[in-house]
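For reference, the structure discussed in these notes is given below.
Number of protein chains: 2
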Amino acid sequence: MSREVQAQAVAPTLEDVARVAGVSRATVSRVINGVRNVDPAIQESVRQAVAATGYTPNRAARSLVTRRAETIALVVSGAGGESEAEQRAFAARVFADPFFGRVVAGIVGYLRPRSMHPVLMFAETSADRDQVVAYVRQGSADGALVVSTHAGDPLPAMLAAAGLPAVLFARPGRPVPISYVDLAHQDGARLAAERLLERGCRRVASITGPLDVVAGQDRLAGFRDAMARRGHPYVPVAEGGFTLESGEAAMAGLLAEHPDLDGVFAANDLMAQGACLVLREHGRRVPDDVAVIGFDDSSAALASRPQLTTVRQPVEDMAGEMARLLHEHIEGRGGDVRSVIFEPELVVRESA
Amino acid sequence: MSREVQAQAVAPTLEDVARVAGVSRATVSRVINGVRNVDPAIQESVRQAVAATGYTPNRAARSLVTRRAETIALVVSGAGGESEAEQRAFAARVFADPFFGRVVAGIVGYLRPRSMHPVLMFAETSADRDQVVAYVRQGSADGALVVSTHAGDPLPAMLAAAGLPAVLFARPGRPVPISYVDLAHQDGARLAAERLLERGCRRVASITGPLDVVAGQDRLAGFRDAMARRGHPYVPVAEGGFTLESGEAAMAGLLAEHPDLDGVFAANDLMAQGACLVLREHGRRVPDDVAVIGFDDSSAALASRPQLTTVRQPVEDMAGEMARLLHEHIEGRGGDVRSVIFEPELVVRESA
DNA sequence: TTGAAAGCGCTAACAT
DNA sequence: ATGTTAGCGCTTTCAA
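Below is the structure:
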C-alpha cells in the first residue's frame, strides 16, 4: 500500500495512466501516439486519465526504443581560436551577423511544426568537432545541420565518413559526399555587375569576402567573369572578412589606390555598409559619385544610409530546405546525397 | 554465431565493450563515468576496448536512469503573433538583434565546458508555452533559461507553478517566485543623464523602449528620476520598439515637436543608431548639435556613425550567470529563488 | 575491486 | 481491438 503511494509522488508514467483508465500500457501508448485501431470510447477515457494524472511522456524512454531523438544539431563551424575568449567572441560574432538570424528562423520554421528541436553547437577546435560527431553518433541528435564559415572545415567530411545524416549550408570546400543547399553565387555577382554597368559605372572595384570561404571565392569569380564578358577585364579587389570593420578598411584601401572609382560590389551587406560609411567620410556621394551594391539583403541593407541595393539570398527558404533535406535523410527516404541551389535576386534600393 | 555477427552490425553498446575487455558491463560503466575504485590495469584495457569498438554511450539510455538530459531549454519568449509568417519574422528579428547574440555567447560559454547543450525554443503562442513546459517536464531538458520580450509574459509563472528549474533574463513583469539575472537599469539611465548634463545639454529627450517591457520602463523611470533630481523635471519622450526603424521614427517625431533639443537618451543602441541617422538627415551634427547616448553597448554601437557613447550591459556575464544559477537549481544546491543584479557602465565614444 | 541483476519508461511484436 | 511481454542501453544497489 504505502509503496503505491510513494510511487505516485514522482512524475506519472504510462503505467499510472493505464491504471487510472483501466486499460493496459500498450493501449495508452497507442492513444498517445495516435495509432489507429483504438475504440473511440477507450480513447476518450485514456485522454481523461492523461489529463487527470498530468501525464507527460518521458522522452528518454521513448528515444531509447524508437532510436529517434527528435532533435537535430545546428552547428556553426568556425576556424578555430583555441582560447575561451576567442570562442566566446566567435559565438557573439556569428550571432551578431544578421545573416545567421535568418538561418535560424528558417530552420526553426521547418522544425517547430514537426516538433523537432535544434540544439545549438559551435565547433571551432578539433575537440569540438569530435564532440559534434559523438553527439549525433550517440543518438542525442538525429542529424546535423552545419553552417561552415570556412572552406577548409573538416567537419563535413567527418560527418560523411561516419555515415551520419547531415546537410550543409553552402557547398563544401573540398568535394565531400554530403547534401547541401546553396545559392548560385555567380549569378548573383553577375546581377550586381550588370546593374553597375547599366548605371554607367566604368571604374568598378570589389570588396570580397574572405577568400578561404567558398561563397567569397564564388562571388568574386562570378563578378570578375561577368565584368570581363562585358569588356572590363580588370577589377581591383580588396579582401574583407564579412564584417563592417573589414568593409571599411577595404574601402579605404581601394579609395587610396583608385580614387576615381565609381562603383563597388561588396560580397555582403555588412561590408557594403562599411564601404558607404567610408565613402561618405571621403566626401563621395552614394550612389551619385560611387554606386555600391551589397549581397544578402540582410537587415544591414536597411540599416545602411543610403539603403543598400543588394543581391538577395533567400536565406530563410534555403535554411528551411536544409532542414527538409535532413529530415528526409533521417527518415531514410531521399537516400542519396543531394544539392539544392537557389537563385538570387537583385533588390534595388538607393545605393546603386 | 550468426546472431552475434548481426548484433555487431549496429552501434556498439556497453555489453560489446565489456565482452572485448573481458569484464562486466558495470565495470565498463564505472570506467566511463570516472568512478574511482577501478583497477588501473582494467581501466586501461577498458579504454582500449572502447577505442577498438568505437563505443559511444547512448544518451537516451543514460538519461532514462540518471534522469538528467544534460540539456537546457533556451527559450525566447515573445508577444505572440499567431501566423507562421509572424513567427518567422519574430525569430529573425530576435536573432538579428546583436543583443541576443551576446546572450547566446554567454550561455554557451558556461554550458559547453560542462557538456550541457542548449535547445533553442521560441514561445509566442499559448501552445508554444505549453510545449516549453512539457519539454522540460518530460525531462527533455533539465531546466529553462528564458529571455522574455514583454512584461506580461505568462511563461515564467507557468514554469514556477510547475516547479521546474528556470532562470530569467530580467525581472519578471509581475512578481513570480523564480530566479533571475538583471541589470540595474536605473543606474544605467542615471549614468546617461549625468553625461548629457555634464556636456551641457539642456533640452534633453528620450527614446524609450516598448513600455510593456520591464527594461523599457525601468530605463525611462531611471532617466526621468535622474533628470528631475538635477533640476530637469520635464523630459519629452517617444516610445520605440528597440528596433532601428522605430528609433528613426521616434527621433523624427521628437525633432518635429522639439526642434531645439540638444540631447537624446535612447533605451538601446539600435534606436540610438536610428536616431543618429535621422539627426544627420535633418542637418544636426552629432554630438555637436545633439548628443546621443545609447544603451547595451552592442555591435550597433560600433556600426553607428559617429560611434555611440552608450551604457554597457555586461550581457555575456549576465547570461553566464543565468546558466550558472540554473545549473545550481538543477543540481539541487542553491535551493531558493535568487536574483543577481549587475551594474552598468558608461562607455564613452563619439556620440556624447 | 568486481559482477549479477534489477529496473528506468517506453514501444512494438506477438498473441488473443 | 486490446493485452502480454520482451527488450532498448544504461546506472546502481547489493553481494561476493
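Chains as they are written, first to last, in full-length UniProt numbering: chain A, 1 to 352; chain B, 1 to 352. C-beta atoms are modelled at their ideal positions from N, C-alpha and C, and glycine is treated no differently.
| Is arginine 25 of chain A close to chain B, meaning its C-beta is less than 8 Å from at least one C-beta of that chain? | no
| query | Nearest-angstrom Cα distance between proline 287 of chain A and alanine 275 of chain A? | reply | 12 Å
| If contact means a Cβ-Cβ distance below 8 Å, which residues of the stretch 116–132 of chain A contact chain B? | His117, Pro118, Val119, Leu120, Met121, Phe122 and Gln131
| message | Which residue wins for smallest C-alpha separation from serine 179 of chain A, given the options A/Arg333, A/Ala134 and A/His329? | response | A/His329
| request: Please name the residue, chosen from A/Ala151, A/His150 and A/Val132, that lies closest to aspartate 142 of chain A on a Cα-to-Cα basis. | output: A/Val132
| request: Compute the distance between the beta-carbons of alanine 92 of chain A and arginine 102 of chain B, then report whether it is under 8 Å. | output: yes
| Quick one: Cα of alanine 52 of chain B to Cα of alanine 26 of chain B, how far? | 19 Å
| field | Entirely enclosed alpha helix (DSSP H) segments - the stretch 25–108 of chain A, minimum 4 residues | value | 25–32, 40–53, 59–66 and 84–96
| field | Backbone secondary structure at serine 140 of chain A - three-state DSSP | value | coil
| DSSP three-state call for glutamate 343 of chain A: helix, strand or coil? | coil
| query | At which residue ranges does the stretch 182–245 of chain B contain complete beta strand (DSSP E) runs of 3 or more residues, listed in the order of the chain? | reply | 204–208 and 237–239
| request: Pull up the CB-CB distance for threonine 71 of chain B and histidine 117 of chain B, whole angstroms please, since I reckon it's below 8 Å. | output: 5 Å
| field | Stretch-stretch touch, CB-based, cutoff 8 Å, three pairs: the stretch 146–154 of chain A with the stretch 142–153 of chain B | value | no
| said: Let me check understanding here. Comparing Cα to Cα, which of A/Glu15, A/Thr125, A/Ala41 and A/Pro40 lies closest to serine 29 of chain A? | reply: A/Glu15
| said: Which same chain residues end up closer than 7 Å to asparagine 37 of chain B when comparing Cβ atoms and leaving out the 5 residues on each side of it in sequence? | reply: none
| With 16 as the cutoff for other CB atoms within 10 Å, does aspartate 296 of chain A come out buried or exposed? | buried
| field | Rounded distance between the beta-carbons of glycine 294 of chain A and alanine 266 of chain A, thought under 8 Å | value | 5 Å
| field | leucine 164 of chain B, DSSP secondary structure in three states | value | coil
| task | Determine the burial state of valine 181 of chain A: buried for a count of at least 16 other Cβ atoms within 10 Å of its Cβ, exposed for fewer. | result | buried
| For the alpha helix (DSSP H) that contains aspartate 262 of chain A, what are its first and last residues? | Here aspartate 262 of chain A belongs to no alpha helix (DSSP H), and DSSP marks it neither H nor E.
| Taking the C-alpha atoms as reference points, what is the distance between alanine 256 of chain A and serine 299 of chain A? | 29 Å
| Which residues in chain B sit within 7 Å of glutamine 138 of chain A, going by Cβ to Cβ distance? | Thr56, Pro57, Asn58 and Arg59
| Are three or more beta carbon pairs between the stretch 220–237 of chain A and the stretch 186–198 of chain A nearer than 8 Å? | yes
| What in chain B is Cβ-close to phenylalanine 100 of chain A, meaning under 7 Å? | Phe95
| query | Taking any Cβ of chain B, which residues in the stretch 277–302 of chain A have a Cβ under 7 Å from it, in chain order? | reply | Leu277 and Ser299
| said: Whole angstroms are fine: how far does the CA of glutamine 273 of chain A sit from the CA of proline 344 of chain B? | reply: 29 Å
| said: Taking 7 Å as the cut-off, is the C-beta of leucine 191 of chain B nearer than that to any heavy atom in the ligand HEM? | reply: In the structure on display, the ligand HEM does not appear, and there are no ligands present to speak of.
| request: Identify, in the order they occur along the chain, each residue of the same chain with its Cβ nearer than 7 Å to the Cβ of glutamine 6 of chain B, setting aside the five sequence neighbours on each side. | output: Residue placement at glutamine 6 of chain B is flagged as unreliable, the pLDDT there being 29, under the threshold of 50; a coordinate-derived value is accordingly withheld.
| field | Meets three-Cβ-pair contact criterion under 8 Å: the stretch 118–131 of chain A and the stretch 126–140 of chain B | value | no
| message | Run through the DSSP bridge pairs and tell me what serine 304 of chain A is partnered with. | response | None; serine 304 of chain A has no bridge partner.
| field | Alpha-carbon to alpha-carbon, valine 311 of chain B and arginine 112 of chain B | value | 29 Å
| task | Check whether the Cβ of leucine 326 of chain B lies closer than 8 Å to any Cβ atom in chain A. | result | no
| query | Using a beta-carbon distance below 8 Å, is residue 355 of chain A in contact with chain B? | reply | A query on residue 355 of chain A cannot be resolved here, the shown segment of chain A reaching from 1 to 352 and no further.
| message | Is valine 17 of chain B close to chain A? Criterion is C-beta to C-beta, closer than 8 Å. | response | no
| said: Quick check on arginine 59 of chain B: buried or exposed, where buried means 16 or more other Cβ atoms within 10 Å of its Cβ? | reply: buried
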